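**Student:** Sharing a structure with you now.
Protein chains: 4
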Amino acid sequence: MVTQQAPEPARRGRGRRPAAEVRREVLRAAGELLLTEGMAAFTIEKVAALSGASRVTLYKWWPSKGALALDGYFDAVGPTLAFPDTGDIAADLTAQLRAFVHLMRDTRAGRVMPELIGHAQTDPELSALLRERYSAPRRALAVEALERAKERGRLREDVDPEVVVDQLWGACYHRLLIPDQPLTDEFAEALVRNLLAGIGRP
Amino acid sequence: MVTQQAPEPARRGRGRRPAAEVRREVLRAAGELLLTEGMAAFTIEKVAALSGASRVTLYKWWPSKGALALDGYFDAVGPTLAFPDTGDIAADLTAQLRAFVHLMRDTRAGRVMPELIGHAQTDPELSALLRERYSAPRRALAVEALERAKERGRLREDVDPEVVVDQLWGACYHRLLIPDQPLTDEFAEALVRNLLAGIGRP
Amino acid sequence: MVTQQAPEPARRGRGRRPAAEVRREVLRAAGELLLTEGMAAFTIEKVAALSGASRVTLYKWWPSKGALALDGYFDAVGPTLAFPDTGDIAADLTAQLRAFVHLMRDTRAGRVMPELIGHAQTDPELSALLRERYSAPRRALAVEALERAKERGRLREDVDPEVVVDQLWGACYHRLLIPDQPLTDEFAEALVRNLLAGIGRP
Amino acid sequence: MVTQQAPEPARRGRGRRPAAEVRREVLRAAGELLLTEGMAAFTIEKVAALSGASRVTLYKWWPSKGALALDGYFDAVGPTLAFPDTGDIAADLTAQLRAFVHLMRDTRAGRVMPELIGHAQTDPELSALLRERYSAPRRALAVEALERAKERGRLREDVDPEVVVDQLWGACYHRLLIPDQPLTDEFAEALVRNLLAGIGRP
DNA sequence: CTCTAAACGAGACGGTACGTCGAGTCTTCTA
DNA sequence: TAGAAGACTCGACGTACCGTCTCGTTTAGAG
């Protein structure tokens, strides 16, 4: 008679519950609240109410609202890290960027990420966690792929992969965070084309 | 017949003050608070207290905290829009990006802008205003410069200037908003070099 | 703001209007607002909006919200002072009290009067006006009738009519203002019976 | 050896204090404010400031300003209910009324009660509480005394004690709430005399 | 018949109070 | 003893109405 999703207010007894169980419930509630209502409505109070945990417990384990939100995010979304390498760096980059565009534009998780990044601008705690657990690994993956391409002689020797990452993914984040222009597949393709071939004319 | 003159001007009773004067004070206070304490500590209440205006007045003139912050920002910073055109597109872009990097890294205004962009992620009001009054005009300026370069035959015909903007300034915003990597002059130079010459090898 | 059943918000030109016209409009609006919404919702702001007058004009003519309300009351209700004298003091008092009970219980004006009296407890301005224009004249009327009855030998010589008024109308106001017991015709009749015949037993 | 009259604004930590302690402080502050400044200046905000409690706490425990004022009143004044019965109903009523007149005329509590009754005219919450906790018990006491007198044969059989109460105490409240005439000892005596002996002449 | 002073409406302003929300802290109770 | 319950302070929010004051307009009345 267990294993329910608990649509009820998660009323429990007053005493102690196993830490693991509490944690699980909290993360589930945090993730759901975040993906459903967004970061603006994401509140420690609401997470406590939804999870059946007490606020004090949340304060004990998560140093800030941002940290809780990020944990909730990963609990709901999962890592999803992959960077297939076919040997064709142009194709690989384009594929990867198109997947990224799709993720950000068409999924709840993608729509929430800008809000997390936004909140991190005034929350150093979240900023550090976001870099450590989100952006750094993804950046590393791309850098590795670019390094491999360099070794294969597909990229110029003097190119810094870190800069390239900013000119591809950073360009996407730009359109995501400051939406003057739409984030499209064509955009993703143009990014790779521009950068590989250069836009200058001799 | 006591027509007393009462030359003191500090007789600010309860009644109305000229709207312009109040506005000026408010914007000054808002700008100062924003640049001094940052967006996290930026509060309508504090702006009211600092400016001597009442909260109601602020609510009447500014629809949201974000709108007030942005107005305060521009009041303190000024427009500062310029894009010198020397005919050498590479040099112009590099100069412009280096100035941008300097602004964002070394000035209070630059340090605040990411916070405004961050807040805009959960404040549609501010998001719209930011696009309209900040990012769009700046983007337009860069696009125009690139168009001119295209007409002069310095850029490939099939290049979309809008995409280029994201690959230059967007890359900088990326490092600003998700600071995995530092924002340096070398970075600015590499951006232009990569993009103009291309990073691929035949 | 408040969308009354008034078809238009009484939009006029901006300049000076005849004082009499303004006064008339204001009193009409005040009376209607008072009888419709009660004293709790009676606001100078609303009267101004409903009447098309500016708040400053109201402040100029009426020293307090209570004064305005009372003027509005009389404008809507009228004086309605009468104390028929048939020679039969018992019948006259009973008739008068029954009319009073009916007025207070079954009309909007009656339902508002307790609120005015209530407000007067913390508004000396209104308290004085209420005595002067409402209670004193009514009390005087009753006292006169009782004096006449005394002269006709219908009442004991040593009876103070002022006290009798409190034991008749005052008793009604008591049930009106502190409604532990209902205000009924039977009550009105019992008041007169008790007082004329006495309740003691030799 | 403290005798400190609390000059400090009751600075406490941020966490929880025992509810009982807070309640006590609040009631003390409410009672004092009410008796000192009267109902017109009685404000939830001021009670909070005086008691060192936060407004939120007051809103949690008291549904309205009226309810808080009444609780403060009883906390400061105490119940003080008594109706001595000597067997001489005339003397007992007179004594009781004189005591009431004295209370209302010469004490801070008495001067506040009309304001509470006044506020109750537009605050159903307070109206109910006032009836329940103030007027009804006092009325019941008087009714019981009158019933006893009836049983002893001192009053006519057909007299309704409830009506008598309105013709004695109600008359006093009348002079209290609509002060056309003064509230004096002579008045109190005349009330009993009139009613017991009757004012009519055969 | 014109000119001016008074009165008006519009509405912004500072201020007090309201009632609410969320954050973070603290105490007491329970499993 | 960890967790839950829940009450508390604090800061901020957005709103209502108050009484005051400025501004521009209109009209009545003086010249």
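Protein chains in written order, with UniProt numbering: chain A, 1 to 202; chain B, 1 to 202; chain C, 1 to 202; chain D, 1 to 202. Note that the Cβ used here is the ideal one computed from N, Cα and C, for glycine as well. All figures in this text were calculated on a predicted structure; none of them were measured in a lab.
Take every Cβ of the stretch 21-35 of chain A, pair it with every Cβ of the stretch 50-62 of chain A, and state whether three or more of those distances are shorter than 8 angstroms.
**Tutor:** In short, these stretches touch, since the Cβ pair count reaches three.
**Student:** What does R156(C) touch in chain D if you count any residue whose Cβ is under 7 angstroms from its own?
**Tutor:** The contacting residues are I199, R201.
**Student:** Mind reading off the beta-carbon distance from D180(A) to V101(A)? Whole number of angstroms is fine, and I expect it under 8 angstroms.
**Tutor:** With 8 angstroms as the limit, D180(A) and V101(A) do not qualify as a contact, their Cβ atoms being about 16 angstroms apart.
**Student:** So with Cβ pairs under 8 angstroms, would you call F187(D) a contact of chain C?
**Tutor:** Closer than 8 angstroms to some Cβ of chain C, the Cβ of F187(D) qualifies, so yes.
**Student:** In chain C, which residues lie with their C-beta within 9 angstroms of the C-beta of D106(D)?
**Tutor:** Chain C residues near D106(D): none, gap ~18 angstroms exceeds 9 angstroms.
**Student:** For residue 203(B), would you say it is in contact with chain A, using Cβ-to-Cβ distances shorter than 8 angstroms as the test?
**Tutor:** The displayed coordinates of chain B run from 1 to 202. Any statement about residue 203(B) would go beyond what the structure contains.
**Student:** Please specify which runs of the alpha helix (DSSP H), each continuous and at least 4 residues long, are wholly inside the stretch 106-156 of chain C, giving them in chain order.
**Tutor:** List check, alpha helix (DSSP H) in window: 108-120, 124-130, 136-151.
**Student:** The alpha helix (DSSP H) spanning D75(C) covers which residue range?
**Tutor:** Element bounds for D75(C): 65-77.
**Student:** For S135(A), go through chain B and note every residue whose CB falls closer than 8 angstroms to its CB, in chain order.
**Tutor:** Within 8 angstroms Cβ-Cβ: I178, D180.
**Student:** Counting only Cβ pairs nearer than 9 angstroms, list the residues of chain C close to G66(D).
**Tutor:** Correct list: empty, because the minimum Cβ distance to chain C is about 11 angstroms.
**Student:** For G200(D), name the three-state secondary structure that DSSP assigns.
**Tutor:** Residue state, collapsed to three classes: strand.
**Student:** Going by C-alpha distance, which of A30(B), L97(B), L103(B), V163(B) is nearest S51(B)?
**Tutor:** When each option's Cα is compared against that of S51(B), the closest is A30(B).
**Student:** Can you give me the Cβ contacts of V112(C) inside the same chain, cut-off strictly under 8 angstroms, excluding the 5 residues immediately before and after it?
**Tutor:** Only L34, L35, G38, M39, Y73 meet the Cβ criterion.
**Student:** Determine, using beta carbons only, whether I117(B) comes closer than 8 angstroms to chain A.
**Tutor:** Closer than 8 angstroms to some Cβ of chain A, the Cβ of I117(B) qualifies, so yes.
**Student:** Whose Cβ in chain B lies nearer than 8 angstroms to the Cβ of R28(A)?
**Tutor:** The contacting residues do not exist; R28(A) stays about 23 angstroms from chain B at best.
**Student:** For the ligand COA, is there a heavy atom less than 7 angstroms away from the beta-carbon of F83(C)?
**Tutor:** With respect to small molecules bound, the structure shown includes none, and the ligand COA cannot be examined in it.
**Student:** Kindly say whether Q174(A), judged by its beta-carbon, lies nearer than 8 angstroms to any beta-carbon of chain B.
**Tutor:** Strictly speaking, residue 174(A) in this sequence is His, with Gln absent from that position. Yes, its Cβ sits closer than 8 angstroms to a Cβ of chain B.
**Student:** Count the other CB atoms, across all protein chains shown, that sit within 10 Å of the CB of A53(A); report buried if there are 16 or more and exposed otherwise.
**Tutor:** Buried, since its Cβ has 16 or more Cβ neighbours within 10 Å.
**Student:** Specify the secondary structure class of F42(D) as computed by DSSP and reduced to three states.
**Tutor:** DSSP places F42(D) in coil when its eight states are reduced to three.
**Student:** Please return the same chain residues whose Cβ sits closer than 7 angstroms to the Cβ of A171(D), not counting the five positions on each side in sequence.
**Tutor:** For A171(D), where only same-chain residues beyond five positions count, the Cβ hits under 7 angstroms are L191.
**Student:** Tell me the rounded alpha-carbon separation between A109(D) and F83(D).
**Tutor:** Distance between the alpha carbons of A109(D) and F83(D) is about 19 angstroms.
**Student:** Using the beta-carbon count (16 or more within 10 Å), is residue 230(B) buried or exposed?
**Tutor:** Here chain B covers residues 1 to 202 and nothing more, so residue 230(B) does not appear.
**Student:** Against chain C, with Cβ distances strictly below 8 angstroms, would A190(D) count as a contact?
**Tutor:** Interface residue, yes.
**Student:** Return helix, strand or coil for R98(C), following the three-state DSSP convention.
**Tutor:** Helix at R98(C).
**Student:** So what does DSSP say about S54(A), is it helix, strand or coil?
**Tutor:** Three-state result, S54(A): coil.
**Student:** Less than 8 angstroms separating the beta-carbons of I199(D) and V47(C)?
**Tutor:** In this structure, V47(C) does not lie closer than 8 angstroms to I199(D) by Cβ.
**Student:** Are the beta-carbon atoms belonging to R148(B) and D85(B) less than 8 angstroms from one another?
**Tutor:** Result yes, Cβ atoms of R148(B) and D85(B) sit closer than 8 angstroms.
**Student:** What does the alpha-carbon distance come out to for the pair P18(A) and W61(A)?
**Tutor:** P18(A) and W61(A): Cα-Cα distance of roughly 14 angstroms.
**Student:** Between V164(D) and chain C, is there a C-beta pair that is closer than 8 angstroms?
**Tutor:** Closer than 8 angstroms: yes.
**Student:** Which value, in whole angstroms, describes the spacing of the CA atoms of D166(C) and H174(D)?
**Tutor:** So the alpha carbons of these two residues sit roughly 6 angstroms apart.
**Student:** Going by C-alpha distance, which of A90(D), R98(D), S64(D) is nearest R154(D)?
**Tutor:** Answer by Cα proximity: A90(D).
**Student:** Find out if the Cβ-Cβ distance for the pair G105(D), L168(D) is shorter than 8 angstroms.
**Tutor:** This sequence places Arg at residue 105(D); Gly is not what is there. No; because the gap between Cβ atoms is not below 8 angstroms, this pair is not in contact.
**Student:** Ignore the nearest five residues each way along the sequence and tell me which others in E125(C)'s own chain have a CB closer than 8 angstroms to its CB.
**Tutor:** So the list reads P63, S64, G66, A67, once near-sequence residues are dropped.
**Student:** Quick check: what's the CA-CA separation for A20(D) versus R131(D)?
**Tutor:** The alpha-carbon atoms of A20(D) and R131(D) are separated by roughly 26 angstroms.
**Student:** Could you give the distance in angstroms between the alpha-carbon of E189(D) and the alpha-carbon of I44(C)?
**Tutor:** The straight-line gap from Cα to Cα measures roughly 44 angstroms.
**Student:** Span of the alpha helix (DSSP H) holding V164(A)?
**Tutor:** Taken as a continuous stretch (DSSP letters only), the alpha helix (DSSP H) holding V164(A) covers 161-165.
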